[in-house]
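See structure below.
There are 4 protein chains.
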Amino acid sequence: MNTFGRKFKVSIFGESHGALIGVILDGVPAGLELSEQDFEQDIQRRKSGARGTTPRVEEDAPHIVSGVFEGHTTGAPLTIVFRNTNTHSSDYEQFAAMPRPGHADLTAAVKWDDCQDPRGSGHFSGRLTLPIVAAGVVAKKVLADATILDDAPVSEIAARIVEIGGVDFSTSLEMTKGALEMTGGPGMSEEAQKVLDQAIKDGDSIGAVVECVVPEIDLGYGEPFWDSVESVISHAIFSIPGVRGIEFGDGFNAAAMRGSEHNDPIGPDGRPLKNGAGGVNGGITNGAPIVFRVAFKPTSSISRPQQTFNFQTGEMDTLSVKGRHDVCFALRTPVIVEAMTAIALADLIALK
Amino acid sequence: MNTFGRKFKVSIFGESHGALIGVILDGVPAGLELSEQDFEQDIQRRKSGARGTTPRVEEDAPHIVSGVFEGHTTGAPLTIVFRNTNTHSSDYEQFAAMPRPGHADLTAAVKWDDCQDPRGSGHFSGRLTLPIVAAGVVAKKVLADATILDDAPVSEIAARIVEIGGVDFSTSLEMTKGALEMTGGPGMSEEAQKVLDQAIKDGDSIGAVVECVVPEIDLGYGEPFWDSVESVISHAIFSIPGVRGIEFGDGFNAAAMRGSEHNDPIGPDGRPLKNGAGGVNGGITNGAPIVFRVAFKPTSSISRPQQTFNFQTGEMDTLSVKGRHDVCFALRTPVIVEAMTAIALADLIALK
Amino acid sequence: MNTFGRKFKVSIFGESHGALIGVILDGVPAGLELSEQDFEQDIQRRKSGARGTTPRVEEDAPHIVSGVFEGHTTGAPLTIVFRNTNTHSSDYEQFAAMPRPGHADLTAAVKWDDCQDPRGSGHFSGRLTLPIVAAGVVAKKVLADATILDDAPVSEIAARIVEIGGVDFSTSLEMTKGALEMTGGPGMSEEAQKVLDQAIKDGDSIGAVVECVVPEIDLGYGEPFWDSVESVISHAIFSIPGVRGIEFGDGFNAAAMRGSEHNDPIGPDGRPLKNGAGGVNGGITNGAPIVFRVAFKPTSSISRPQQTFNFQTGEMDTLSVKGRHDVCFALRTPVIVEAMTAIALADLIALK
Amino acid sequence: MNTFGRKFKVSIFGESHGALIGVILDGVPAGLELSEQDFEQDIQRRKSGARGTTPRVEEDAPHIVSGVFEGHTTGAPLTIVFRNTNTHSSDYEQFAAMPRPGHADLTAAVKWDDCQDPRGSGHFSGRLTLPIVAAGVVAKKVLADATILDDAPVSEIAARIVEIGGVDFSTSLEMTKGALEMTGGPGMSEEAQKVLDQAIKDGDSIGAVVECVVPEIDLGYGEPFWDSVESVISHAIFSIPGVRGIEFGDGFNAAAMRGSEHNDPIGPDGRPLKNGAGGVNGGITNGAPIVFRVAFKPTSSISRPQQTFNFQTGEMDTLSVKGRHDVCFALRTPVIVEAMTAIALADLIALK
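These protein sequences, in sequence, are chains A, B, C and D. Take 2 as the starting number for the first sequence in the numbering used here and just add one per residue. Take 2 as the starting number for the second sequence in the numbering used here and just add one per residue. Take 2 as the starting number for the third sequence in the numbering used here and just add one per residue. Take 2 as the starting number for the fourth sequence in the numbering used here and just add one per residue.
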């Protein structure tokens, strides 16, 4: 339901226009250094403001309200809250009559018997990814700490945009950390910029693909079957609103390959010599980087008019979604993908 | 770990060459009619024997050993076991020195400190998908029963091969049940047959794509964020050995689309008029069919020689995997994909 | 870890002298009427101030920060927080050197590598029972609501003090709700008052027994073995600090009885004619009231000097615990026992 | 539901007169030596045959069917099954009309809509404690192994009968392992024997109290609140059929004590100097032995006639339970109490 994880557990709560949103982390080891400043960089990366993202810039300051004492984690549940301030609730009133295509307006209403908080999509809002990013910061610390304690190197997780609107601008992925700089801003290709600009001009939106790499991780994490590394990561990734697909290593291309091409020969250090599998064999990390790609749909809210049903009038009608929306919300997602990956791995490592 | 589900819970156990493999189902409602004959059809569909599958034909007879009394489920844990009989353990001894590329030989050894049962891949064997298929049969019954009790129509789940070795032979999917006949045997295109035959001839293997459809399901199942329908289904699907990717609705194509194309307008009955989302909005079923595609890698065990490390000699060496293996194990997976989907949905429905 | 429940889930967080304490409830049905006023009565019952309780009277105002919209629950996670205001942190500094007998000062330090928040016992504080009482208020509403929806009458849970310092002042329990008035204040016997007064006078503390009754509950809740009604209730009850024992129905007396005495004959309506079992057979409710008794230890913090080890000096030393403490904290626990019972039953009913 | 534990997980299945009963253990570390002989002693202790126990002596041979390879655990799910052979199903047919007082005959029928397997109490049978004892043997090995790996001494758990029919024959418990010999057979006092003999003579039954001690365990296991050591142990203990109460340390007596009596001063090694708390402070082990007492009711099945309702005739009627039953089933429970304690501790230690 609203908790992820078996031993490193993450629970989120709140609504877009309610008093607070936040996250409780259970199973955080005692003694990690943690301050509110530690969240700054990742929260900044999620923030809007760049071309193609919503002009709504919220006060995204994290408040640690439990689980930290004198600058380190205590071992007790760690709670981080954010205040909601910059809200325009009236924008959303019309969607009761005309639920937005691609949104949870209607499904939330059916699921919760019309009792849902509809303001700003309520609990379904993308704003809930803010506490997820905060949880990711803690999870990354847990992974870095696991390195020291168990000699289990999980080097920095890195995600970046590699494709916008069908324009692929990934360079061939080298298996070194240096090659994994963030793009999606300055690194974006000219052609991709054009696609984005045209969508803005048309009052439309556009999708993107994010690639995520965990450059170094020890062999032996994950479980056969139910809690395979791919199962746990995909579970977390599909919890991000707007994901349409995920593929590991050669991904969908693998279905067109032969075994002699796709198989990764094992090298003298026990790690694969290539990475068609994306770092996992039989559900268990094999010592190669974990590599996967995530398809994000285009933003559902568009100002361009759409035909959809009006439950008030009982007829099909034209909807033009006003308000502040990202044209390509996927531009804000690499840090969320990293957070989810860190959360998933922190739990798998804790379970080992 | 080895259990899936919150309320409809599935646990599997056993090793490929051990005494028994089996499954315990917890949370099965009392009063469902169930006999050992009910498993026949789905177990048959998983069986090998067709061109491109292993000649090892095992005695796959299910034995219900608890949870059924006088032909109906009792409400107590339901256990189904299978005996292992037709085993050639000696085939596998060489893999300690030369772990097979693409297999869990090495990762299992690292994970379990060289204590794993290596015979026939032990607990990592694809043979464990047999109890999963059995669990799927029960899950399908639970879904059919939910229809009657809660007026929640979950009509028959259907999966089929739509692509082999890169050759797509799906016809355009019509949203009627009639269009969902099983193919992969007689329905396979001539071109796909050729690709398969060539792989057999070359001692190589080939991958495939499976498409799964849940033609009718009520609105309102699933949870926002952590237990989105896609999260729960993908978790289950990546528990099938050899899956490399999953995509819902427009899938990876959605990343190249605009919102005006991808958005599904809502129609007068509250259901979408098209199905770019694959049946889910905001993690919740939206009344359209759930549609997803799964990429399966080519079989890892190939007789064609591969270069890989020999831990005994300390040098790279040539491995040719003997024994009986599927050239395209994906041909046997549609019924497993259905089983996993049924299991995932049975849990989501039980949680509602 | 810090969550209780499978489908109706309660997670608490916070430290006695931190910024906030609170509770997240997951699995609350949508549409329950709920306001901050609804918590008043139960929070009042937990409050100190009566003879034998601490003079620290805190601002115990609940703030609903998520999960409620326009006066009813939304179905999303429901979060209630409380501010900590009236704190005297300096009282507790000495306990690092001399951990208090009967407290978690030392065990918390060992468990969490000396990183715990020691102020006011941190996360181990009895103050955390405040969000538990708040969760209980919601759970009671869920139970009342279940009555209407499922025709499953769970009439009001009632707990009361029946014994203080060994003086039993319960009247023989009649199985009607009228007989279950709260005592422990005016209803306390003269002899019990004397025991309490003497403990106050001596700078000592005293224990008590609480009896809890769920007067009416349908047959059929609970599970055989692991999630028997007694298992789930006792799990919740032993989560209250200071509990030393729990017994159902005839309890420890049953061990001295014969089957012919202890067995409850079944009557014409399928409910037992007496209640030696305390309302449960084979782990499942049998239609009789659920009745159990809980033993609370005397308050550990006493001003009367105690000999215990001083880790600073390395010698046994005399400790007199200053500060504000209940002489008989058990006087404040009946409402906590009710809350835990309601939480446990809400989960069992949700799972059915 | 039918699983206990978070990381060391135990699931039981089967019915008294079905084909198999058994247990799956998940989370067992790889590399523990384990053979079918290891179960012999504990299974023998659970067996009937002594005066006061049922003459039904079953073939209780354990069969390890997964999770063990070449004499050690593999890390995969460990499954142990037992065949049911010596069954007299016809004994139980009359109980549909006249559900036995004190039994789950009626509650099981209500819970499972009359679909339960009624033969020998089906899944509610005390026979299911046999796989629990088997799970306990593995759990004890895990605890012994934890000692070596983590320097966490959990010395042998020991439970014994200390009271039969109200006759207490415990000697004062010394905190050394030597004092914890099993009694209940030869160690039983003459007075207790008389009470037992008289119950046999009268066709009646009698209850008993079991005391359990974990003589040595490190500080720091357990969680504050929801997963306190007492919460987890009591949850497991109340899963044993027929338990009416549990108390730790001073138990119910603590409610009559003063803080100055009940508090355990801390000694120079950080462990308490006495053990009023029973080894736990704030839910966390404090380094003293864990000590608790369990009240078992008298056996419900008695040949002495009882008045109870006959649903066939619609009138109160006389029931005399024929068949083979323990007069004091509690005599067989010490090893079950040990098993449950080991299971609970194995999970707490795995979670740390």
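Even glycine gets a Cβ: it sits at the ideal position worked out from N, Cα and C.
> Taking DSSP as the reference, what is the three-state secondary structure of C:V210?
Replying inline: strand
> Looking at the unbroken beta strand (DSSP E) that takes in C:I291, where does it start and where does it end?
Replying inline: I291 to F297
> Does D:W113 get closer than 8 Å to chain F when you measure Cβ to Cβ?
Replying inline: Absence of chain F from the displayed structure is noted, the protein chains being A, B, C and D.
> Hey, quick one: how far does the beta strand (DSSP E) through A:I65 stretch, first residue to last?
Replying inline: H64 to S67
>> Please report whether the beta-carbon of B:I291 lies at a distance below 8 Å from any beta-carbon of chain D.
In response: Judged by the 8 Å Cβ criterion, B:I291 is not in contact with chain D.
>> Tell me the rounded alpha-carbon separation between C:A278 and D:R245.
In response: 8 Å
>> Just checking: is the beta-carbon of A:K275 within a distance shorter than 8 Å of some beta-carbon in chain D?
In response: no
> Can you list, in chain order, the residues of its chain whose CB lies under 7 Å from that of B:G223, leaving out five sequence neighbours each side?
Replying inline: S229, V230, V281, G284, I285, T286 and L349
>> Only counting the same chain, and skipping five residues up and downstream in sequence, which positions put a Cβ closer than 7 Å to that of D:F40?
In response: The beta carbon of D:F40 sits closer than 7 Å to those of P63, A135 and V138, all from its chain and outside the five residues before and after it, given in chain order.
> Which residues, taken in chain order from the region 288–322 of chain A, show a beta carbon closer than 7 Å to some beta carbon of chain B?
Replying inline: A296, F297, K298, P299, T300, S301, I303, R305, Q307, Q308, T309 and F310
> In whole angstroms, what separates the C-alpha of A:S173 from that of A:E212?
Replying inline: Bear in mind that a pLDDT of 42 at A:S173, under 50, signals an unreliable position, so the model cannot answer this.
> Should A:D43 go down as buried or exposed, given a rule of 16 or more other Cβ atoms within 10 Å for buried?
Replying inline: Classification for A:D43: buried.
> Would a check of beta-carbon distances place D:L33 closer than 8 Å to chain A?
Replying inline: no
> D:K10 touches chain A at which residues, Cβ-Cβ below 9 Å?
Replying inline: The premise fails here: D:K10 is roughly 10 Å from chain A at the closest Cβ pair, so nothing lies under 9 Å.
> A:L352 touches chain D at which residues, Cβ-Cβ below 7 Å?
Replying inline: K8
> Are the C-beta of A:A77 and some C-beta of chain C separated by less than 8 Å?
Replying inline: yes
> Does DSSP put D:D318 in a helix, in a strand, or in coil?
Replying inline: strand
> Counting along the chain, where does the alpha helix (DSSP H) carrying B:K195 start and finish?
Replying inline: E191 to K202
>> Short of 9 Å Cβ to Cβ, which residues in the region 203–221 of chain C face chain A?
In response: With the criterion set as a beta carbon lying under 9 Å from some beta carbon of chain A, the region 203–221 of chain C has no members that meet it.
>> Once DSSP output is grouped into helix, strand and coil, what is the label at A:V336?
In response: helix
> Are there three or more Cβ pairs, one per stretch, closer than 8 Å when the region 109–118 of chain D is compared with the region 70–81 of chain B?
Replying inline: Cβ pair count under 8 Å is three or more, so yes.
> If you run the structure through DSSP and keep just helix, strand and coil, what is D:A26?
Replying inline: According to the sequence provided, residue 26 of chain D is Leu. The question's Ala does not apply to it. Strand, per DSSP.
>> Rounding to the nearest angstrom, what Cα-Cα distance links A:G32 and C:G121 in this structure?
In response: 20 Å
> Is the Cβ of A:V66 closer than 8 Å to any Cβ of chain C?
Replying inline: The beta-carbon of A:V66 is placed less than 8 Å from the nearest beta-carbon of chain C.
>> Once DSSP output is grouped into helix, strand and coil, what is the label at D:K178?
In response: For D:K178, the pLDDT reaches just 35, beneath the cut-off of 50, and the residue's location in the model is therefore unreliable, although a value from the coordinates is still provided. It is helical.
> Is it true that the CB of B:G204 sits closer than 8 Å to the CB of B:S304?
Replying inline: yes
> Is the beta carbon of C:F330 less than 8 Å from the beta carbon of C:G127?
Replying inline: yes
> What is the residue span of the alpha helix (DSSP H) that D:I247 lies within?
Replying inline: Per DSSP, D:I247 belongs to no alpha helix (DSSP H); it is in the beta strand (DSSP E), V244 to F249.
> What span of residues does the alpha helix (DSSP H) with D:V82 cover, start to end?
Replying inline: Run containing D:V82: none in the alpha helix (DSSP H); it sits in the beta strand (DSSP E), L79 to R84.
>> Give me the residue from A:N276, A:A347 and A:N264 with the minimum Cα distance to A:D146.
In response: A:A347
> Can you tell me the Cα-Cα spacing of D:G68 and A:N85, whole angstroms?
Replying inline: 52 Å
>> Determine whether the beta carbon atoms of C:E339 and C:I158 lie at a separation below 8 Å.
In response: Cβ atoms of C:E339 and C:I158: closer than 8 Å.
> Can you name the start and end residues of the alpha helix (DSSP H) that C:E41 belongs to?
Replying inline: E41 to R47
> Distance, Cα to Cα, D:W227 vs D:S240?
Replying inline: 17 Å
> Which residues bound the alpha helix (DSSP H) around D:S235?
Replying inline: V230 to I238
> So, do the region 258–278 of chain A and the region 305–315 of chain B have three or more beta carbon pairs nearer to each other than 8 Å?
Replying inline: yes
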